[in-house]
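Numbering (mature numbering (1 follows the signal peptide of the UniProt record, and there is no 0)), first residue to last: -26 to -1, 1 to 131. All remarks here apply to the structure that follows.
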Amino acid sequence: MVSRRAVGALLGGLWLAGCLIGIATAADTDLSKTAGGVTVYLGIVPAEIVKGLPSGSTTERPMHGRTPKGPHEYHVVAAVFDAASGARISDAVVTAEVSGLGLSGAKKKLEPMQISGTTTYGGFFDLPGFDLYTVKLTVERTGASPAALQFKYDHRR
């Protein structure tokens, strides 16, 4: 049996790796945007990263309600901040639509994820081909107009 401390350390390490990958990706491919009073850092990592977690390590159920099965599944993660103060936003409703060039895409509500006391939003998406993908995010907050942000993700390399 895996101890809670070991699971916590594993999740913390994966979260840190995901953040670093996301930051590197954001710097390299412009996956950070500011609009409508929010700044969003977008990360896209292979679902393999979460497939390898021990059973029950994230919660009592699989992350986002299911275990990713397909060979082309990716975990889309958004870290959302107030553009003026830089404070992390943990009470938003974040929706993502991911589509390949010239194709309609899948639209999903990203689930809030609590890791190491911080909130990010994530969900699994199928990226079946080497393509240039568009990721459209909508961030909704109480008392504010929805913020729409559009990212390009180059999945050809």
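We put the CB at the ideal spot given by N, CA and C, even for glycine. Nothing here was measured: the structure is a model prediction, and the numbers come from that model.
Residue i - containing beta strand (DSSP E), residue span
i: P20; result: V12 to P20
i: L111; result: L106 to E114
Sheet register partners of residue i (DSSP bridge)
i: F99; result: Y48
i: D56; result: V12
i: L84; result: V68
i: L123; result: L111
i: D128; result: L106
Residue j beta carbon less than 7 Å from that of residue i
i: E47; j: F104; result: no
i: Y127; j: Y107; result: yes
i: V12; j: V54; result: yes
Burial state of residue i, where buried means 16 or more other Cβ atoms lie within 10 Å
i: A58; result: exposed
i: L77; result: exposed
i: M87; result: buried
i: A80; result: exposed
Through-space distance from residue j to residue i, alpha-carbon basis
i: V68; j: V50; result: 12 Å
i: G117; j: A66; result: 11 Å
i: G10; j: K83; result: 19 Å
i: L75; j: Y15; result: 22 Å
i: L111; j: S90; result: 24 Å
i: R131; j: P20; result: 13 Å
i: residue 152; j: T92; result: Because the chain spans -26 through 131 in this model, residue 152 falls outside it and cannot be assessed.
i: K7; j: A121; result: 11 Å
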